[in-house]
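First comes the structure, then the notes that go with it.
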Amino acid sequence: MNSLLESVSTALQLIFLFDPALLAIVSRSLAVSATACLMACALGLGLGAWLGVARFAGRGAVLTLLNTFLAVPSVVVGLVIYLLLSRTGPLGFLGWLFSFKAMVLAQAVLVLPVVMALTRQAVEDAENTHGEQLRSLGAAPLMRSLLLAWDERYALLTVAIASFGRAVSEVGAVMIVGGNIDGFTRVMTTAIALETSKGDLPLALGLGLILLGVVLLLNVLIALVRRWREGAEINEAATRTLGMST
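In this text, residue positions in the sequence shown follow my numbering: the first is 1427, and each later residue adds one.
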């Protein structure tokens, strides 16, 4: 018990005294996850919105494949990216293995199916509600996907926040492609695993507390976005009611 209390006390000191090693790991972890999420959202939001509206032969198979990718273990994603970026792999000429770029790529590939699936569901629900009206106005599938994505912008903001939470808590893929190199590719999750195995519990606990704080902050942001969305819907309904009454 005394050892645990001492570890917690030391961990809190590392946090509140802004330990340079701890801050470097945290900042690197947040930078990797934020960059990966930007890449995944840039591609996944558009593709997911289009999938929510488009109807084509084989769509069911595409959705089944997309849902399958949601359950792929992160270590498998890391292994595939490792093979692609290895010296004998098709992308070996890039020289990205065991680098910041490799970790970003691995997390982006891991998060992309999440962004696409959640976006597709949100836009498809909106399509079921408003799609017929938009089709009657002559809106093509691409235009409907853009309009419905904008209409569901609060839900898509929630998707982006949730995808960041998925990325920042990932350990397997970045461990494989990044190598957990001190000062270069060590992030919060890989550092926690390493420091725990070494017996350096204060640093592991400090990083764990910060990671919990990040996840808590993300959930607070999601709750705020939902409340913001509800308020916007109430205001829109009130505006429509006033317009009809006049």
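Cβ coordinates follow ideal geometry from the N, Cα and C atoms, glycine included. The structure presented is a predicted model; accordingly, all values stated were derived computationally and were not measured.
Terminal residues of the alpha helix (DSSP H) in which GLY1564 lies: For the purposes of this step, residue 1564 is identified with residue 138 of the sequence shown, where counting begins at 1. Where GLY1564 is concerned, there is no enclosing alpha helix (DSSP H), given that its DSSP letter is neither H nor E.
Endpoints, the alpha helix (DSSP H) within which ASN1493 is located: Position 67 of the sequence shown, counting from 1, holds the residue named residue 1493. Bounds of the alpha helix (DSSP H) holding ASN1493 are 1485-1496.
Cβ-based neighbour list, ALA1475, same chain, cut-off 6 Å, excluding 5 preceding and 5 following: Residue numbering aside, residue 1475 sits at position 49 when the sequence shown is read from its first letter. Excluding positions up to five away in sequence, the list reads THR1545, VAL1549, SER1571 and ALA1575.
Contact under 8 Å by Cβ, LEU1511 with GLY1518: Here residue 1511 refers to the residue found at position 85 of the sequence shown. Here residue 1518 refers to the residue found at position 92 of the sequence shown. Contact flag set, yes.
For THR1555, three-class secondary structure by DSSP: As a position in the sequence shown, residue 1555 is number 129, starting the count at 1. Three-state DSSP puts THR1555 in a helix.
Nearest neighbour of GLY1470, chosen from LEU1637, LYS1624, VAL1537 and GLY1639 [CA to CA]: Translated into the one-based positions of the sequence shown, residue 1470 becomes position 44. Ranked by Cα distance from GLY1470, the options LEU1637, LYS1624, VAL1537 and GLY1639 are led by VAL1537.
Pairwise C-alpha distance: LEU1464 and LEU1631: Along the sequence shown, one-based indexing puts residue 1631 at 205. Along the sequence shown, one-based indexing puts residue 1464 at 38. So the alpha carbons of these two residues sit roughly 29 Å apart.
Burial state of THR1514, where buried means 16 or more other Cβ atoms lie within 10 Å: Taking the first residue of the sequence shown as 1, we reach residue 1514 at position 88. By the C-beta density criterion, THR1514 is exposed, having fewer than 16 other C-beta atoms within 10 angstroms.
Integer-rounded CB distance, given that ILE1507 should sit under 8 Å from ALA1599: The residue given as residue 1599 occupies position 173 in the sequence shown. The residue given as residue 1507 occupies position 81 in the sequence shown. Between ILE1507 and ALA1599 the Cβ distance is about 7 Å, and since that is below 8 Å, they are a contact.
Which of helix, strand or coil DSSP assigns to ASP1577: Working through the sequence shown from its first residue, we reach residue 1577 at position 151. Here ASP1577 sits in helix by DSSP.
Touching by the beta-carbon criterion (3+ pairs, under 8 Å), the segment 1436-1443 and the segment 1586-1600: At 8 Å Cβ cutoff, the stretches do not touch.
Spatially closest choice to LEU1473 from VAL1541, MET1601 and PHE1442, by CA coordinates: As a first step, residue 1473 must be located in the sequence shown, where it is residue number 47. It is VAL1541.
Boundaries of the alpha helix (DSSP H) in which PRO1446 is found, first to last residue: The residue you call residue 1446 lines up with position 20 of the sequence shown. Here the alpha helix (DSSP H) through PRO1446 covers 1446-1479.
Contacting residues, own chain, Cβ-Cβ under 6 Å from LEU1637 (five flanking each side not counted): Here residue 1637 is taken as the residue at index 211 of the sequence shown, counted from 1. So the list reads MET1614, once near-sequence residues are dropped.
Coarse secondary structure for GLU1596, derived from DSSP in three states: Position 170 of the sequence shown, counted from the first residue, corresponds to residue 1596. Correct three-state label for GLU1596: coil.
Neighbour-count burial assignment, ILE1602, 16 or more Cβ in a 10 Å radius: Here residue 1602 refers to the residue found at position 176 of the sequence shown. Buried is the call here.
Helix, strand or coil at ILE1507 according to DSSP, with G and I counted as helix: Working through the sequence shown from its first residue, we reach residue 1507 at position 81. Reduced to three states, the DSSP call for ILE1507 is helix.
Anticipated Cβ contact below 8 Å, LEU1448 with LEU1629, distance rounded: Residue mapping note: residue 1448 aligns to position 22 of the sequence shown, counting from 1. Residue mapping note: residue 1629 aligns to position 203 of the sequence shown, counting from 1. Right, their Cβ atoms sit about 7 Å apart.
Span separating the alpha-carbon of ASP1608 from that of LEU1627: As a first step, residue 1608 is located in the sequence shown; it is residue number 182 there, counting from the start. As a first step, residue 1627 is located in the sequence shown; it is residue number 201 there, counting from the start. C-alpha of ASP1608 to C-alpha of LEU1627: approximately 17 Å in a straight line.
Check: LEU1491 C-beta below 7 Å from any heavy atom of the ligand GTP: Annotation note on the ligand GTP: not contained in the displayed structure, which lists no ligands.
Cα-Cα separation between ASN1606 and SER1455, rounded to whole angstroms: Working through the sequence shown from its first residue, we reach residue 1606 at position 180. Working through the sequence shown from its first residue, we reach residue 1455 at position 29. The straight-line gap from Cα to Cα measures roughly 11 Å.
Identity of the residue in ALA1534, TYR1580, ASN1661 and VAL1646 nearest LEU1496 by Cα: Taking the sequence shown and counting its residues from 1, the one referred to as residue 1496 is at position 70. Closest by alpha carbon: ALA1534.
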